[in-house]
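Undergrad: Dumping the structure here so I can ask a few things about it.
In our numbering, the protein residues as written are 28 to 210.
Right, dumping it as structure tokens:
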């Protein structure tokens with residue numbers, strides 16, 4: 028029996044969205060989040076581009092199509108504990124299941140021909156979900172939780188989009204540098 032790579036099940040209890048104050052306030056009050064094209068210039072060693080997000084298939088046309096992603100963290104950054112971090116804010120999301128489901132519904136509505144998944148990023152070793160969820164060991168401090176969507180047809184555009192999931196203020200809060208260092 029061979030061991031398969033472990034994929035974390037369930038979202039973490041808390042997620043952290045880092046941004047400038049205006050972007051963080053819009054995320055909290057309007058549930059506004061920008062999905063960006065994934066960077067494929069930074070492939071992880073040992074992960075074939077054809078294995079991007081394996082549950083969605085291994086066809087090369089899909090792997091080269093790229094992904095739209097939203098990256099959050101599973102840890103409060105030390106930067107928020109320093110007063111020299113001008114302009115950096117954090118939205119602390121305490122109901123990650125509600126957040127994730129609302130986000131996936133909003134993206135499905137905006138991009139019905141796309142498939143999505145979210146999971147923890149693997150650092151220094153290949154993720155079972157492929158290269159999109161794999162980063163170098165030197166980035167492990169980011170403790171990323173990645174939401175990723177890929178087109179089901181390779182010709183679809185990878186232009187960034189903004190999705191609105193509605194206010195998340197009932198289960199999230201805005202945190203600024205040195206305004207309480209407890210998570």
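We put the beta carbon where it would ideally sit given N, CA and C, even for glycine.
For the putative contact between residue 229 and residue 93, defined by C-beta atoms under 8 Å, what is the C-beta separation to the nearest angstrom?
TA: Lying outside 28 to 210, the shown extent of the chain, residue 229 is not represented and no answer is given.
Undergrad: Quick one: Cα of residue 145 to Cα of residue 126, how far?
TA: Here residue 145 refers to the residue found at position 118 of the chain shown. Here residue 126 refers to the residue found at position 99 of the chain shown. Their Cα atoms are separated by approximately 12 Å.
Undergrad: Quickly, what does DSSP pair residue 120 with across the bridge? List them, please.
TA: As a first step, residue 120 must be located in the chain shown, where it is residue number 93. Note: residue 120 sits in a beta bridge opposite 42, 199.
Undergrad: Comparing C-alpha positions only, which one of 167, 55, 196 sits nearest to residue 101?
TA: Counted from its first residue, the chain shown places residue 101 at position 74. The residue with the shortest Cα to Cα distance from residue 101 is 167.
Undergrad: In its own chain, which residues sit with a C-beta less than 7 Å from the C-beta of residue 98, not counting the 5 before and 5 after it?
TA: Your numbering for residue 98 matches position 71 in the chain shown. Hits under 7 Å: 171, 173.
Undergrad: For my contact list, residue 159 and residue 65 are in at a C-beta cut-off of 8 Å; report their separation, rounded to the angstrom.
TA: Residue 159 sits at position 132 when you count from the first residue of the chain shown. Residue 65 sits at position 38 when you count from the first residue of the chain shown. Yes, they are in contact, since the Cβ atoms of residue 159 and residue 65 sit about 6 Å apart, within 8 Å.
Undergrad: Within 10 angstroms of its Cβ, does residue 177 collect 16 or more other Cβ (buried), or is it exposed?
TA: Taking the chain shown and counting its residues from 1, the one referred to as residue 177 is at position 150. Counting Cβ neighbours within 10 Å, residue 177 comes out buried, since at least 16 surround it.
Undergrad: Let me check one thing: in DSSP terms, what residues is residue 143 bridge-paired to?
TA: Here the question's residue 143 lines up with position 116 in the chain shown. For residue 143, which the question treats as bridged, DSSP gives the partners 176.
Undergrad: Would DSSP call residue 189 helix, strand or coil?
TA: On the chain shown, residue 189 is found 162 positions in, with the first residue counted as 1. Annotated three-state conformation of residue 189 is strand, per DSSP.
Undergrad: Out of 40, 189, 203, 179, which has the shortest C-alpha to C-alpha gap to residue 140?
TA: Here residue 140 is taken as the residue at index 113 of the chain shown, counted from 1. Comparing Cα positions, the closest option is 179.
Undergrad: Apart from the five residues on each side of it in sequence, which residues of its chain come closer than 6 Å, Cβ to Cβ, to residue 37?
TA: Walking along the chain shown from the start, residue 37 turns up at place 10. Here the set comprises nothing.
Undergrad: Take residue 55 and list the residues in its own chain whose beta-carbon comes closer than 8 Å to its own, dropping the five residues that flank it on each side.
TA: Position 28 of the chain shown, counting from 1, holds the residue named residue 55. Same-chain partners within the cutoff: 118, 194, 195, 196, 199, 200, 201.
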